[in-house]
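Before any comments, here is the structure.
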Amino acid sequence: MRGLFTLVKLARPGGLRALPALLVITDRHQARLPLDVIADAIGRGDGRWLLLRDKDLERDERWRLAIRLAAIAKQYGMWFSVSTDLELAAAVEASGLHLQSAAAVGAARALLGVDAVIGVSAHNMAEVEAAAAVHADYATLSPIFTTASKPRYGPAHGVEALAEAAKCGIPILALGGITAPTATPCLAAGASGIAVMGEVMRAEDPMCTVRALWRACSCAATIE
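Residue numbers (our numbering): 37 to 260.
Structure, rendered in structure tokens:
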């Protein structure tokens, strides 16, 4: 298996683009293993998309980590995205940038170009609509389920929110409490893909966990 891609219509001009159905997000605070080791395991598990979060790292340390993870991603043919730091994303020639606010999409697009995959975090429908309005390539909606990874973002939305968000004209990645069993109802509800942090970071065997998540995505696609 080389990873499942979902063909989605972008909110911005440019037609169709194939987005990987699984985005794995780093969090060294939850990680059982060094992030470099986990990134390699994600690649061996046929992961297609890795996002460097860890925004609380000291700047130089985060840059060094980004360089290492970008090299691992390149080795396995994965997309590599960076959270928040536009300068860092440009420096490591990242595939994309993940932003906390739709207001920053225009500046990111101007620097990174039309091919960059630019996404936005959303925690309610208004933020999803804002991301669609500025032609972000995707939005993560969270938390879908109760999760220790995102405890301060309010109560879980449930899969019903994904169906509503999918009507906004932007690809939606379900985030928060996503596991192989919960992936299927998220995709069935209208999510274009899933974003996973704790399930992979805490795994004893990240490669097997990624493969299980891919199987869930593949089964959901077959059901559809």
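Heads up, the beta-carbon is just placed ideally off N, CA and C, and yes, glycines get one too. A quick note: this is a predicted structure, and the numbers were derived from the prediction, not measured.
Host alpha helix (DSSP H) of residue i (start-end)
i, result
"residue 219", "216-225"
"residue 199", "196-201"
"residue 142", "141-148"
"residue 24", "In the structure as shown, the chain begins at 37 and stops at 260. Residue 24 is therefore absent and cannot be evaluated."
Alpha-carbon spacing of residue i relative to residue j, whole angstroms
i, j, result
"residue 212", "residue 236", "12 Å"
"residue 208", "residue 149", "22 Å"
"residue 137", "residue 69", "30 Å"
"residue 255", "residue 142", "36 Å"
"residue 130", "residue 113", "12 Å"
"residue 233", "residue 60", "6 Å"
"residue 81", "residue 156", "26 Å"
"residue 201", "residue 110", "32 Å"
"residue 267", "residue 146", "Here the chain has residues from 37 to 260 only, and residue 267 is not among them."
"residue 62", "residue 86", "8 Å"
"residue 78", "residue 158", "25 Å"
"residue 37", "residue 83", "Model confidence at residue 37 stands at a pLDDT of 39, short of 50, so the residue's coordinates are unreliable; what they give is reported in the following sentence. Each residue's Cα considered, the two are about 10 Å apart."
"residue 223", "residue 171", "22 Å"
Cβ separation of residue i and residue j, assumed to be a contact under 8 Å, to the nearest whole Å
i, j, result
"residue 55", "residue 229", "6 Å"
"residue 204", "residue 163", "So it is not a contact: roughly 10 Å between Cβ atoms."
"residue 135", "residue 154", "7 Å"
"residue 152", "residue 132", "5 Å"
Cβ-based burial, residue i [other Cβ within 10 Å; buried from 16]
i, result
"residue 65", "exposed"
"residue 103", "exposed"
"residue 179", "buried"
"residue 176", "buried"
"residue 182", "exposed"
"residue 239", "buried"
"residue 95", "exposed"
"residue 98", "buried"
"residue 190", "exposed"
"residue 73", "exposed"
"residue 194", "exposed"
"residue 242", "buried"
"residue 244", "exposed"
"residue 272", "Past the edges of the chain, shown from 37 to 260, lies residue 272, and the structure says nothing about it."
"residue 89", "buried"
"residue 184", "exposed"
"residue 139", "exposed"
Bounding residues of the beta strand (DSSP E) (the contiguous stretch that carries residue i)
i, result
"residue 118", "115-119"
"residue 154", "153-158"
"residue 61", "58-61"
"residue 232", "229-232"
"residue 190", "That residue, residue 190, is in no beta strand (DSSP E); it is neither H nor E in DSSP."
"residue 209", "208-211"
"residue 93", "Note, residue 93: premise wrong, no beta strand (DSSP E); not H, not E."
"residue 175", "174-177"
"residue 132", "132-135"
Min CB distance residue i to chain C below 7 Å
i, result
"residue 60", "No chain C is present in this structure, which holds just one protein chain."
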